[in-house]
Amino acid sequence: MALSQKNRLLQVTTPLGEDALVVTGFRGTETISRPFSFELDLVGENSTTVDFNRLIGNPITLAVTTPGNGGSTEWRYVNGICASFSEGDRNLEFTSYFAQVVPKIWLLTHVAQSRIFQQKSVPDILKQVFQGYDCDYQLRGQYEPREYCVQYRETDFSFASRLMEDEGIYYFFTHSKSGHKMIIADTPQSHTDVPGLTKARYQMIEGGPRTGDHIIQWKKTQAVRASKYTLWDHHFQQPTQNLEAKQNILASVQVGTVTHQLKDQVNSPLEIYDFPGGYAERFDGISPSGGDQPSRLQKLFDDNQRTVKLRMEREAVPALAIQGTSTCANFVTGHKFSLDRHFDAQGEYVLVSVVHNGSLGEPFRSGQGDAGLTYTNTFTCIPIQLPYRPPRETPIPFIAGVQNALVVGPSGKEIFIDKYGRVKVQFYWDRQGKKDENSSCWIRVGQWFAGKRWGASFWPRLGQEVLVAFVEGDPDQPVIVGSVYNAEQMPPYEGDGLDSKHKNDPNVSGVKTNTTLGGIGFNEIRFDDTKDHEELFLHAERDLNITTKNDSLARTFANRHQIIGTDKDGQKTGSQFEEVYQDKNLIVNRNQVEQIGDSMQLLIGGIDSGQGNQDVVIKGTRKESIGQTDNLQVTGDRKEKIGGSQSLTVVMNQQEKVGQNHALDAGMEIHLKAGMTVVIEAGMELTLKGAGGFVTIGPTGVTIQGTMVMINSGGSAGSGSGSNPISPDAPTEASPTKPTVADDSKSGQKSVRS
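Under the numbering used here, the first residue of the sequence shown is numbered 35, with each subsequent residue one higher.
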């Protein structure tokens, strides 16, 4: 007689065929928010070839008979895939086998990766992760999109599990002969009745035979839990707020005829306080493109209350728990049942976990009679009034230290920041990013110090490599702590580049920027610490603005050279403008040589009603040469005193005009000589006066008066010493030494490839 499952109370369906294998026993564990796992004990005829490859990863269905309504027999199915298959001992007829049956979603425990989700809610992320699997989303909560959510070096299943645990989402399974479905839920409304078993009867203490499935043992436990949950969090866009959220435990739970007080005098002082709350990181007041979105940030103040409520509900789940033992093979986690005939606990409960154990021995062949099924389970459940929340047991990835990343942004940009100076990066482990503005969230950049509109502000540019740390080690909270050079982004004074003067010179350090957008200019502060060649170099690509609110002191121990303007293709440009509000003092201990190529204008006075005096003291000789005309205009008096002689040579004409009196007094001699004519003219009276008389020419005539007047009577004319002015010494023409051109530098290359 052939091996047969017909009429057996335990049956199994495998890809090998209906009667290729017979199940003799099973052990199974089901828990809300955990993949179920059933171990099947199987036998097959020695003559049957069991192909492992046809079983591994393929569907297997276990069928267990259960008492139905009205005494009928119904099947309870467990459907899954074969995760492992083993071959055991063999006797004369049969070989033993062992199969592990798990949900298909279990395959995701073997898919590990790192990737980034942005602007997606947790349900949206779950739908993407569980794509291709049979899932029913029965979610009624409000789930805001998370700005940034990272799966980092973890399996798809672990990633999805920790997200669900964080959001208070749980899952369980429903089974049929041909498949199973994952129910993803968040409210008690998702707990439907146990299939085929609306009521579960507690065993009677006395009297009556036991028919059908019963609950054999029922143990109810109440435990002390914290009565209050408090969360704080920090958001840099709300820096003065602690974002506090509080939630009290559910006051009481009615279980049958007993009211259990979950909050009393014992646990009233007990509080769980945690920081960070984990809700601040989910929201950003800046859009991915860099624009303001204040309404998005306001949602934080609703989500913090939602989060603390979930944490409190999770804390309350173990406050009242029931453990039991039953023969109800229909029991499946995530479903509810109504307890019947209990002395004080009648009511509805949700199954949290069930551990199954069943066996069915020989005969295995048809026509050999029936074997009895032995089955029991242990289970845990909670009252339906107590919302279920999964414990946070899945490890959260922790990134110790820093990671390297590439600064990215839109095409055509060199700098891409938001109003907080945040940038975007692509991590080197990211296989899905396109190295653009969508590769990450906005990431804050650490600076030397950061004040209120003051501090340091150097923004990493596209194409540069940065070091990224993570707040609390959380992959969802990156922060840039520094920049590093690499083979493409070499230091300014190391490696190949346009500036060959300072190449491979470890003694040189400094800061060099790069003109943007486009261009090859730069600003630079450079320090050369080479012994006997120490230098501080400053380069401004365009303008240099210096403001000193008090004194500016400078000391140059050797020479100072300054060039203003440029001389390019014979065209000179560049002017100097200087204004001193009060006094200017200049001391030149030796010579001052100045050369002015064109004109010089000097205005003394006329500012702030000042009189404008000029005092010039020349301790030695003054030489002055004027190539063309010399003009002098004195509005008031002019006073001159010459300690020695004055020589004046006028090559052509000299004209003088005095508005009133003109007095000329010589200690010894005045000699007037004209090559042709001397005319002395007076408007009223002219007098020539000497030691022996005078001549007066006036309106009334000419008067000649003298000791003796001789006309044509001999005598001779007097003579003067003549005019013999000395030519002035020619001044030394100014020939200032040209200043030395300052040291120069070269630009670096663009960080981002065009």
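Ideal Cβ positions, reconstructed from N, Cα and C, are used throughout, including at glycine.
Between the CA atoms of residue j and residue i - distance to the nearest angstrom
i: glycine 401; j: phenylalanine 86; result: Its pLDDT being 48, under 50, glycine 401 is placed unreliably in this model, and the coordinates cannot settle the point.
i: serine 474; j: threonine 58; result: 54 Å
i: leucine 96; j: aspartate 168; result: 19 Å
i: leucine 385; j: glutamate 448; result: 58 Å
i: serine 148; j: phenylalanine 164; result: 16 Å
i: isoleucine 217; j: aspartate 170; result: 5 Å
i: glycine 604; j: asparagine 593; result: 28 Å
i: alanine 279; j: threonine 293; result: 28 Å
i: isoleucine 704; j: glycine 670; result: 28 Å
i: isoleucine 283; j: glutamine 223; result: 21 Å
i: alanine 574; j: arginine 426; result: 57 Å
i: lysine 370; j: valine 351; result: 16 Å
i: tryptophan 463; j: glutamine 162; result: 20 Å
i: valine 648; j: leucine 636; result: The question names valine, yet the displayed sequence has glutamine at residue 648. If I take the Cα positions, the gap works out to 11 Å.
i: threonine 746; j: alanine 716; result: Checking the sequence, you will find asparagine at residue 746 rather than threonine. Each residue's alpha carbon lies about 26 Å from the other.
i: asparagine 113; j: threonine 208; result: 9 Å
i: glycine 403; j: aspartate 378; result: Only weak support exists for where glycine 403 lies, its pLDDT of 49 falling under 50; the coordinates are left without a value.
i: arginine 187; j: phenylalanine 461; result: 13 Å
i: glycine 438; j: tryptophan 266; result: Here the sequence assigns asparagine to residue 438, which means glycine is not the residue at that position. Roughly 31 Å between the two C-alpha positions.
i: glutamine 596; j: tryptophan 476; result: 46 Å
i: arginine 174; j: isoleucine 66; result: 18 Å
i: glutamate 528; j: glutamate 568; result: 18 Å
i: serine 387; j: asparagine 472; result: 42 Å
i: threonine 255; j: glutamate 178; result: 36 Å
i: glycine 639; j: glutamine 616; result: 12 Å
i: isoleucine 33; j: tyrosine 263; result: Residue numbering for the chain in the displayed model covers 35 to 788; residue 33 lies beyond these limits and cannot be assessed.
i: leucine 277; j: histidine 268; result: 7 Å
i: glutamate 612; j: lysine 618; result: 11 Å
i: asparagine 520; j: glutamate 499; result: 8 Å
i: phenylalanine 132; j: leucine 55; result: 11 Å
i: phenylalanine 450; j: isoleucine 150; result: 20 Å
i: glycine 693; j: isoleucine 714; result: 17 Å
i: asparagine 364; j: valine 287; result: 26 Å
i: glycine 553; j: glycine 782; result: 11 Å
CB of residue i within 9 Å of CB of residue j, strictly
i: proline 424; j: tyrosine 204; result: yes
i: aspartate 566; j: lysine 780; result: no
i: arginine 478; j: arginine 495; result: no
i: glycine 202; j: glutamate 305; result: no
i: valine 98; j: phenylalanine 206; result: no
i: phenylalanine 561; j: leucine 570; result: yes
i: glycine 507; j: arginine 61; result: no
i: phenylalanine 72; j: valine 145; result: no
i: valine 513; j: phenylalanine 504; result: yes
i: lysine 707; j: glycine 756; result: yes
i: threonine 143; j: serine 192; result: yes
i: glutamine 152; j: proline 322; result: yes
i: arginine 345; j: leucine 296; result: no
i: leucine 126; j: valine 77; result: no
i: threonine 107; j: cysteine 362; result: no
i: glycine 480; j: valine 441; result: no
i: isoleucine 320; j: tyrosine 182; result: no
Those residues which DSSP pairs with residue i across a bridge
i: phenylalanine 70; result: Answer by DSSP bridge pairing: none, since phenylalanine 70 is not bridged.
i: cysteine 169; result: Met216
i: proline 229; result: According to DSSP, which records beta bridges pairwise, proline 229 is partnered with nothing at all.
i: phenylalanine 561; result: Ser543, Leu570
i: arginine 478; result: Val513
i: tyrosine 111; result: Ala97
i: tyrosine 131; result: Leu76, Glu121
i: alanine 146; result: Thr189
i: lysine 280; result: Thr264
Distance between beta carbons of residue j and residue i, contact taken as under 8 Å
i: isoleucine 250; j: glutamine 271; result: 58 Å between Cβ atoms; not a contact.
i: aspartate 452; j: glycine 324; result: 5 Å
i: aspartate 470; j: valine 184; result: About 18 Å; that fails the 8 Å criterion.
i: serine 329; j: glutamine 523; result: So it is not a contact: roughly 39 Å between Cβ atoms.
i: serine 372; j: lysine 468; result: At roughly 55 Å, the Cβ-Cβ gap does not stay under 8 Å, so serine 372 and lysine 468 are not in contact.
i: glutamate 396; j: isoleucine 418; result: Actually they do not touch by this definition, with Cβ atoms about 43 Å apart.
Segment contact, 8 Å Cβ cut-off, at least three pairs: the segment 578-586 with the segment 539-546: No, the segment 578-586 does not touch the segment 539-546.
Three-pair Cβ contact test at 8 Å for the segment 646-657 versus the segment 760-776: Three or more beta-carbon pairs drawn from the segment 646-657 and the segment 760-776 are found closer than 8 Å, and the two stretches are therefore classed as touching.
Contact the segment 112-131 vs the segment 75-94: 3+ CB pairs below 8 Å: The segment 112-131, when compared against the segment 75-94, does touch it at the 8 Å Cβ threshold.
Three CB pairs or more closer than 8 Å across the segment 354-374 and the segment 412-428: Under the Cβ criterion (8 Å, minimum of three pairs), the segment 354-374 counts as touching the segment 412-428.
The segment 297-304 contacting the segment 326-340, beta-carbon criterion three pairs below 8 Å: Contact between the segment 297-304 and the segment 326-340 is not established, with fewer than three Cβ pairs separated by less than 8 Å.
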